[in-house]
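For reference, the structure discussed in these notes is given below.
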Amino acid sequence: MESGYGSSASSMAGGGKRACRSRSNNALLRQEAAGGGSRRKNACFVPSLRSSSPRNPRSRHYGDRFIPNRSAMDLDMAQSLLSEPRKEKGKENTAVMSSPEKVTYQKLLFETMMMNRTRILSFKNKPAPQIADEGHFANASFRQSVPAKRRRTIPQSAERVLDAPDIIDDFYLNLLDWGSRNVLSLALENTVYLWNASDGSSSELVTVDEEAGPVTSVSWAADGRIIAVGLDSSDIQLWDSGTCRKLRTLRGVHRSRVGSLSWNKNILTTGGEDGKIVNNDVRVQSHIIQTYEGHNQEVCGLKWSSSGQLASGGNDNLIHIWDLSMASSNPPQNQWLHRFVDHRAAVKALAWCPFQSNILASGGGGADQSIKFWNTITGSCLKSVHTGSQVCSFFGTRMRGSC
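Residue numbers (the numbering used here): 655 to 1057.
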């Protein structure tokens, strides 16, 4: 082994580097083969000077494993940790350990500075910073640029007061309705007036005969042009507000006055003092197409929802929820979806939530003095609010910025 190793050394000194490597390796193999198992245990391993894999010229060199990389270290934090007072062995430094609160504070501060790092000395470069999602920052910037919503204030006084000297003082009648074209209809005894809220102008639509009157209900269609007028004689008249022309008269619907009206597209639903609710298709000659029966006293409130459910309130203190498909010409028993019996007085005021079609608000009369909110899917009462007075009417609207 010595002669082989020496020849390799002399060859290397002479400048034959490749021969040196091959002779050295071959000599080592021959020595191991000749020496057997006993010599193999004491043989020294001489590694090859040639790397087993080609070196990548682009690979980064992170230095010796015992020498930290100063460029990857937080020197300010290291200086702070090295310069702080230490506890002496066997006793506490009272300047540092003055209170448990300060110890806790120092611990939290250290954990915050370290930010989940477990080593103070760094032996490799810091990873490349991750580029955050531009959309996230764009959204955050947008949210910050949007001004905060102003809190809506409810006025404490009326914006406009209209004179109504001859309005009938009857809780069960519906003598006011606001159309989609910002026109208010108002019934004063036998006459229906229109007031345009946009320009403040007013006009007379119709004055009915003494035999037919007085007017007991008014209701605008969805287009804001056609208006239905219910009469004490049980007739219902349809008028064109643009031309002040009567379109038709619906007769034989009820046996007494028509106190409530509600539109659902081309269907006009009427509620009478006889307790009946009738659907009328105003496009056809035989206009009565369906009826609902569930109230045993006057129907004083009707309101269709956008999802096709009808809410009715009566002087019998009941609320019924109906579906358009459940009505028939020969009404069976219990054709309603829900019956609510929580009010203690007549229910006239009804309004559907404009952005959640299964939420209904109802208001009771003088003996009830409450507003109740209902879920018409489950049939449960969500909330009841005491008002201190009877509730005569609702008007639901989608406020700007609401859901």
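Where a beta carbon is used, it is the ideal one built from N, C-alpha and C, also for glycine.
When the Cα atoms are used, what is the spatial distance from residue i to residue j?
i	j	result
ARG937	ILE881	14 Å
ARG993	PRO809	36 Å
TYR847	PRO801	43 Å
GLN1023	ASP853	36 Å
SER873	TRP917	8 Å
ARG814	ASP831	16 Å
GLY926	LEU978	18 Å
ALA818	ASN933	31 Å
SER871	VAL953	12 Å
GLY1018	PHE1049	15 Å
SER1038	VAL912	29 Å
VAL869	ARG806	37 Å
ILE943	ILE821	33 Å
ASP824	ILE1031	33 Å
ASN1029	LYS756	56 Å
ARG899	ALA875	15 Å
GLY867	GLY1042	34 Å
Are the CB atoms of residue i and residue j nearer to each other than 8 Å?
i	j	result
LEU859	SER895	yes
GLY955	LEU915	no
GLY878	GLY833	yes
LYS957	LEU1004	yes
LEU972	VAL995	yes
Buried or exposed, going by whether 16 or more other CB atoms sit within 10 Å of the CB of residue i?
i	result
ASN920	exposed
ASN828	buried
ASP730	exposed
ASN836	exposed
PRO754	exposed
TYR759	exposed
LEU683	Residue placement at LEU683 is flagged as unreliable, the pLDDT there being 45, under the threshold of 50; the coordinate-derived value follows with that caveat. It is exposed - the Cβ of LEU683 has fewer than 16 other Cβ atoms within 10 Å.
GLN939	exposed
LEU901	exposed
SER1016	buried
According to DSSP, is residue i part of a helix, a strand, or is it coil?
i	result
GLY1042	coil
LYS756	helix
ASP894	strand
LYS803	coil
LEU859	strand
ASP831	strand
LYS1037	strand
SER811	coil
Measure from the C-beta of residue i to each C-beta in chain B and report whether the shortest distance is under 8 Å.
i	result
ALA875	The chain labelled as chain B is not found in the depicted structure, where only one protein chain is given.
Exercise. Contact between the segment 942-952 and the segment 961-979: three or more CB pairs below 8 Å?
Worked result: yes
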